[in-house]
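K.L.:
Residue numbers (our numbering): 983 to 1083.
#1: Return the CA-CA distance between residue 989 and residue 1064, expressed in angstroms with no decimal places.
#2: Three or more C-beta pairs closer than 8 Å, one from the segment 1007 to 1015 and one from the segment 1039 to 1047: is that the case here?
#3: Per DSSP, what are the beta-bridge partners of residue 984 in this structure?
#4: Across which residues does DSSP place residue 1021 in a beta bridge pair?
#5: Quick check on this structure: which residue in 1073, 1003, 1018 has the alpha carbon closest to the alpha carbon of residue 992?
#6: Buried or exposed: which applies to residue 1069, given that a residue is buried once 16 or more other Cβ atoms fall within 10 Å of its Cβ?
#7: If you draw a straight line from the C-alpha of residue 1016 to the C-alpha of residue 999, how long is it?
#8: Within this structure, are the beta carbons of residue 1021 and residue 994 separated by less than 7 Å?
#9: Could you give the distance in angstroms between the alpha-carbon of residue 986 and the alpha-carbon of residue 997?
#10: Tell me the DSSP secondary structure of residue 1013 in three-state form.
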């Protein structure tokens, strides 16, 4: 988002806007409208899922991570366990939802 004096904060999402470049069926005009919507024409009711898309996992995973630029769920990487680690992870995962100021 960016701030315009005498107007306020304008929501943008340039990362999703770039996905239209890989759309084979969209016309040039449709791609242009898609990008314009996500740069300054979005409604103000969207919320951030992830802000730090370049944050590295610690420790660094030896295995590939599905969609590394969109880690919107906790990631667990463990070798040799007989337990279902996804369920174990959910026991310790919490999500806080706070109002935007």
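The beta carbon of each residue, even a glycine, is placed where N, CA and C say it ideally should be.
Keep in mind the model is a prediction, meaning the values are calculated, not measured.
P.N.:
Let's see:
#1: The residue given as residue 989 occupies position 7 in the chain shown. The residue given as residue 1064 occupies position 82 in the chain shown. Going by the C-alpha atoms only, they are around 56 Å apart.
#2: With contact defined as three or more Cβ pairs closer than 8 Å, the segment 1007 to 1015 and the segment 1039 to 1047 are not in contact.
#3: Taking the chain shown and counting its residues from 1, the one referred to as residue 984 is at position 2. According to DSSP, which records beta bridges pairwise, residue 984 is partnered with 992.
#4: Here residue 1021 refers to the residue found at position 39 of the chain shown. For residue 1021, which the question treats as bridged, DSSP gives the partners 994.
#5: By 1-based counting over the chain shown, the position of residue 992 is 10. Closest option to residue 992, Cα to Cα, is 1018.
#6: What you label residue 1069 is simply residue 87 of the chain shown in a count that begins at 1. That one is exposed.
#7: Indexing the chain shown from 1 puts residue 1016 at position 34. Indexing the chain shown from 1 puts residue 999 at position 17. It is roughly 7 Å from the alpha-carbon of residue 1016 to the alpha-carbon of residue 999.
#8: Counted from its first residue, the chain shown places residue 1021 at position 39. Counted from its first residue, the chain shown places residue 994 at position 12. With contacts defined as CB atoms closer than 7 Å, residue 1021 and residue 994 qualify as a contacting pair.
#9: By one-based count along the chain shown, residue 986 stands at place 4. By one-based count along the chain shown, residue 997 stands at place 15. Rounded to the nearest angstrom, the two C-alpha atoms are 21 Å apart.
#10: Position 31 of the chain shown, counted from the first residue, corresponds to residue 1013. Looking at residue 1013 - three-state DSSP - the assignment turns out to be helix.
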